Amino acid sequence: AQTVTQSQPEMSVQEAETVTLSCTYDTSESNYYLFWYKQPPSRQMILVIRQEAYKQQNATENRFSVNFQKAAKSFSLKISDSQLGDTAMYFCSTGANSKLTFGKGITLSVRP
Amino acid sequence: GAVVSQHPSRVICKSGTSVKIECRSLDFQATTMFWYRQFPKQSLMLMATSNEGSKATYEQGVEKDKFLINHASLTLSTLTVTSAHPEDSSFYICSARAAYGYTFGSGTRLTVV
C-alpha cells in the first residue's frame, strides 16, 4: 500500500523568490520512484522531476530540485527563481512498477 | 517521446447516452494504461488499470458496468461511460507508464446534461 501526504493546500511566492513544497509518503515497496507533477490551468499533467528511491543523490532539473530524505520518507520540491508560469497545482506521487499514488496537491501562486 | 493522445478534449452528452473516450500512445507501446477522474481543485482518483488483452482492474467503488474499459491493442485504450448521468460530469485523464515515468493524456472534460 502507498500513501502520499501533502499537508499544505495553498502557497504563494513572489516572482524570482524560492519556494519549497512539502511531501511525505509511505510505501511497502523496496524499489520505487517519486515524482512531482505540475498541473497548470490547462489541466495537462506535466512531469517536473523524478527520483529513484535507490539513488541517494537528490534529483535536479534546472530551477527545480528535491530534498529526498528516505529514512524520513520525505520528498520536498524546491523551486528557485519562481516564474509566473510556475503558477499551477503540484502533485507529489509515488509508484513502483504499477499504479501511481497521488497526494492531494498544492496550489502554488506566483505573484508578480 | 512517450506521448499519450486523448480524445475528445471536451464532450457534452445527454443524460442516458454513452460516451467513449480514447487514449492512444503515439510513439511507444503501452501494455498498461490508467484511467483517472478528477474533480475541480482535487487530486486524481484512479478508476481502473487497463491491461492490453485482458480485463481491466477496477478500484474499489468504481462501477465496472458503468465505466467500460477496453484495451485491445498496445497503443489504444478506451473508456466508455455508459448511460451517463449528470453526476458523471467530470474531468477524465488517462496515463501510461513510459521509460522515464508516467505520461498523461490532456484529459477529457465530460458534461452530461
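In order, the protein sequences belong to chains G and Z. Numbers in the working numbering are just positions in the first sequence, counted from 1, shifted up by 244. For the second sequence, counting from 1, position 8 maps to 5 in the working numbering; every step adds exactly one. Each residue gets a CB set at the ideal place from its N, CA and C atoms; glycine is no exception. The structure displayed is predicted, hence computed values, not measured ones.
Once the 5 residues before and after Thr46(Z) are set aside, which same chain residues still bring their CB inside 7 Å of it? Correct list, in chain order: Thr29, Phe31, Ala53, Thr54.
Within 10 angstroms of its Cβ, does Phe36(Z) collect 16 or more other Cβ (buried), or is it exposed? Exposed: under 16 other Cβ atoms inside 10 Å.
Assign Tyr298(G) to buried or exposed, taking buried as 16 or more other Cβ atoms, counted over all protein chains shown, within 10 Å of its Cβ. The residue in question, Tyr298(G), is exposed, as its Cβ has fewer than 16 Cβ neighbours within 10 Å.
Buried versus exposed call for Cys7(Z) [16 or more other C-beta atoms within 10 Å across all chains shown]: This sequence places Arg at residue 7(Z); Cys is not what is there. Per the 10 Å Cβ criterion, exposed.
Chain Z contacts from the segment 329 to 353 of chain G (Cβ-Cβ distance under 9 Å): Flagged, chain order: Met333, Phe335, Ser337, Gly339, Asn341, Ser342, Lys343, Leu344, Thr345, Phe346, Gly347, Lys348, Gly349, Thr351.
For Thr247(G), is the classification buried or exposed, using 16 other Cβ atoms within 10 angstroms of its Cβ as the cut-off for buried? With fewer than 16 Cβ atoms within 10 Å of its Cβ, Thr247(G) is classed as exposed.
Pull the bridge partners of Asp270(G) from the DSSP assignment, please. Residue pairing by DSSP places Asp270(G) opposite Thr247(G) in a beta bridge.
Is the beta carbon of Gly339(G) less than 8 Å from the beta carbon of Tyr277(G)? Result yes, Cβ atoms of Gly339(G) and Tyr277(G) sit closer than 8 Å.
Which bits of chain G does Phe31(Z) rub up against, with CB to CB less than 7 Å? Going along chain G in sequence order, the residues near Phe31(Z) (Cβ under 7 Å) are Lys343.
Who are the neighbours of Leu291(G) on chain Z, taking C-beta pairs under 9 Å? Going along chain Z in sequence order, the residues near Leu291(G) (Cβ under 9 Å) are Tyr97, Gly98, Tyr99, Thr100, Phe101.
Specify, as a first and last residue, the run of the beta strand (DSSP E) that Met30(Z) falls within. From DSSP, the beta strand (DSSP E) with Met30(Z) extends over 29 to 35.
Which residues bound the beta strand (DSSP E) around Gly104(Z)? For Gly104(Z), there is no enclosing beta strand (DSSP E), as DSSP marks it with neither H nor E.
Would you say Arg307(G) and Ser286(G) are within 8 Å of each other, going by their C-beta atoms? Contact flag unset, no.
Short CB-CB distance (under 8 Å) between Phe279(G) and chain Z: For Phe279(G), the answer is yes, since a Cβ of chain Z falls inside 8 Å of its Cβ.
Would you decide whether Arg355(G) is buried or exposed? Buried here means 16 or more other CB atoms lie within 10 Å of its CB. Exposed.
Name the chain G residues whose beta carbon is nearer than 7 Å to that of Ser46(Z)? Contrary to the premise, residue 46(Z) reads as Thr rather than Ser in this sequence. Listed along chain G, the residues sitting closer than 7 Å to Thr46(Z) by beta-carbon distance are Lys343.
Can you give me the start and stop residues for the beta strand (DSSP E) that Arg94(Z) sits inside? First-last of the beta strand (DSSP E) with Arg94(Z): 87 to 94.
If I follow the unbroken beta strand (DSSP E) through Asn302(G), where does it start and stop? Element bounds for Asn302(G): n/a, residue is neither H nor E.
I need the DSSP call for Gly347(G), collapsed to helix, strand or coil. Correct three-state label for Gly347(G): coil.
CB Phe335(G) to CB Ser103(Z), shorter than 8 Å? For Phe335(G) and Ser103(Z), no; Cβs fall outside 8 Å.
Run through the segment 52 to 78 of chain Z for me and flag every whole beta strand (DSSP E) of 3 or more residues, listed as ranges in chain order. Correct list: 64 to 70, 73 to 78.
According to DSSP, is Glu84(Z) helix, strand or coil? DSSP places Glu84(Z) in helix when its eight states are reduced to three.
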